[in-house]
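So the structure is just underneath, and the comments pick up after that.
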Amino acid sequence: MNEIIKKFSASLNDSLITDFRDVVNEGEFAYNYFSHRGGKNQFSPICSCMDWISVSVRYITNFPEFSKDIDVKAMQVYSLISSIDIAVEALQQLHRIIENDHKLVRWPFNEFNHVFSNKIAHLSNKKDDEYFKEVRSIFGAHPTNLCNNGERMFASWPHFHAFNGNDFTVSIYNNIPGKDDIIFGIKIYELLIFLKERYEYLVGLKDAVVAIRDKHYENLIVKIIPKSGNIHEELKVLLSEVVGRGDNDYYRMEVQELIYLFEADVKEAHLLVEANEFKGKLLPVVEEIRCNLQNMTLVDLTTTEGVIFSGLPNYALSYELQKMFTWLHSDKYDPMGNYYIEQLNEFSKGRYCFSITDNECTTLLKLRMMLYSHQ
């Protein structure tokens, strides 16, 4: 039986859940779309389902050797069945969320009735999903509390039966005096086939997530972003569109920084021309952000190359620059602020007149100007 599991586990391709997880975690669409869908956070259950599918499948593919102790073996059988049950329930939950089908009306396996052969008489009318639930109940979920049309039934522990062709068998007792026991058996291969069919449905669920994303993006693409001739209003519009079009962290931070840079007010006369020229170099960045948002191609910006720098040649002031950017973008007081300012003024020979009295916008603009001029 262990050989059956080992041989079959090779077909439980770990890449299925990995690929599905990659699609869910690609960008921020799935989080933003499902975390506020219909007034409910549906992203958290998606994460739970992905985790438990991984746990269950990896447990089965690394299933331990069956013990020779019948008590231990009985629980090992149940752990195998329980792992399958966890994975299948997680897949059903993913289907409910992604396909918006709470009652599983469109669950593709509703009518499947080919996996389990030699069903016992009183369960012969049950489809595969329902029959598996009976297997789960009898082999460990609640074997001492079974029912059949008002009759109370009770299962023995799993054991090997030499003549019925099953891997494990239980005797089902009845509380009606004189009524014969029922012999109920399972084949490990059939249980694994049952899981494999449903596990491979991850491909369809992955494609469904992609289809939802593509449809959502198509709707946003045809929604024209309003333009403004005023750069400050333009950036406010773009920030609003970033939030409404997926709230991409990277684009939100880029637009927020542009807002700071264009709001900056440099007072030093010798810096006015340089500041205006630098702001002019940022206009293509604004236009690229607009274009990418309109087309929903939220890729890394290219127009920032050669304009926006975060470091100096030869790693000069690497510590101070890291701390400065953290300080300027976090609005948190840094007791070392005066020291960073002094280091910047010393490096730039006082040209940019960094001052602790400047606001964050002005300090950030001066810093970006200094970094640009020293490349």
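Under the working numbering, think of the first position of the sequence shown as 547, with each following residue one higher.
By construction, the Cβ of each residue, glycine as well, lies at the ideal position given by its N, Cα and C atoms.
- request: Determine the extent of the alpha helix (DSSP H) in which residue 803 is found, giving its start and end residues.
  value: 795–809
message: Three or more C-beta pairs under 8 Å: does that hold for the stretch 613–627 against the stretch 562–571?
response: no
- request: Using 10 angstroms around the beta-carbon of residue 753, count the other beta-carbons present and answer buried if the total reaches 16, otherwise exposed.
  value: exposed
task: Would you list the one or two residues that DSSP bridges to residue 874?
output: Answer is none; residue 874 lacks a bridge partner.
Simplified DSSP assignment, three categories, for residue 613: coil
Residue 693 - partner residues in DSSP beta bridges: 698
- prompt: For the beta strand (DSSP E) that residue 655 lies in, which residues bound it at each end?
  reply: Note, residue 655: premise wrong, no beta strand (DSSP E); not H, not E.
- request: Taking only the alpha-carbon atoms, compute the straight-line gap between residue 770 and residue 739 and give it to the nearest angstrom.
  value: 50 Å
task: Can you give me the Cβ contacts of residue 637 inside the same chain, cut-off strictly under 8 Å, excluding the 5 residues immediately before and after it?
output: 595, 599, 744, 745, 747, 748, 751
field: Stretch-stretch touch, CB-based, cutoff 8 Å, three pairs: the stretch 674–683 with the stretch 643–662
entry: yes
task: Return yes when the Cβ of residue 757 is within less than 8 Å of the Cβ of residue 703, no when it is not.
output: no
- prompt: Can you tell which of 601, 586, 574 has the C-alpha that lies nearest to the C-alpha of residue 564?
  reply: 601
- prompt: Does the beta-carbon of residue 706 have 16 or more other beta-carbons within 10 angstroms, so that it is buried, or is it exposed?
  reply: exposed
- request: Starting from the Cα of residue 733, find the closest Cα among 710, 687, 644, 726 and give me that residue.
  value: 710
Beta carbon of residue 810 nearer than 8 Å to that of residue 910: yes
query: Would you call the stretch 818–833 and the stretch 844–858 touching, i.e. three or more CB-CB distances under 8 Å?
result: yes
- prompt: Along the chain, where does the beta strand (DSSP E) that runs through residue 854 open and close?
  reply: Here residue 854 belongs to no beta strand (DSSP E), and DSSP marks it neither H nor E.
message: Given a cut-off of 8 Å on the beta-carbon distance, is the pair residue 657 and residue 672 in contact?
response: no
- prompt: So residue 824 is in the alpha helix (DSSP H); what residue range does that whole segment cover?
  reply: 818–841
field: residue 806 and residue 844 closer than 8 Å at C-beta
entry: no
message: Mapping the DSSP letters down to three states, classify residue 742 as helix, strand or coil.
response: helix
message: So if DSSP puts residue 730 in a beta bridge, which residue, or which two residues, is it bridged to?
response: 716
- request: Using a threshold of 8 Å, state whether the C-beta atoms of residue 589 and residue 605 are closer than that.
  value: no
message: Going by C-alpha to C-alpha distance, which of 642, 652, 906 sits closest to residue 803?
response: 906
field: Three-state secondary structure assigned by DSSP to residue 586
entry: strand
task: With residue 850 as the anchor, note down where its alpha helix (DSSP H) starts and where it stops.
output: It is not in any alpha helix (DSSP H) - residue 850 carries neither H nor E in the DSSP assignment.
Option in 635, 630, 646, 608 with minimal Cα separation from residue 586: 646
query: Can you list, in chain order, the residues of its chain whose CB lies under 7 Å from that of residue 791, leaving out five sequence neighbours each side?
result: 766, 839, 842
- request: Starting from residue 762, follow the alpha helix (DSSP H) in both directions and report where the run begins and ends.
  value: 748–767
task: Would you identify the three-state DSSP class for residue 705, choosing helix, strand or coil?
output: strand
task: Please determine, among 692, 684, 575, 562, the residue with the shortest C-alpha to C-alpha distance to residue 760.
output: 575
query: If you draw a straight line from the alpha carbon of residue 876 to that of residue 626, how long is it in whole angstroms?
result: 50 Å
Chain-order list of residues whose beta-carbon lies under 7 Å from that of residue 900 (same chain, five-residue window excluded): 887, 890, 891, 909, 912
field: 8 Å CB neighbourhood of residue 684 in its chain, flanking five on each side removed
entry: 692, 701, 716, 718, 730
query: Taking all protein chains shown into account, do 16 or more other C-beta atoms lie within 10 angstroms of the C-beta of residue 542, making it buried, or fewer, making it exposed?
result: The structure shown does not extend to residue 542, since the chain is modelled only from 547 to 921, so the question has no answer here.
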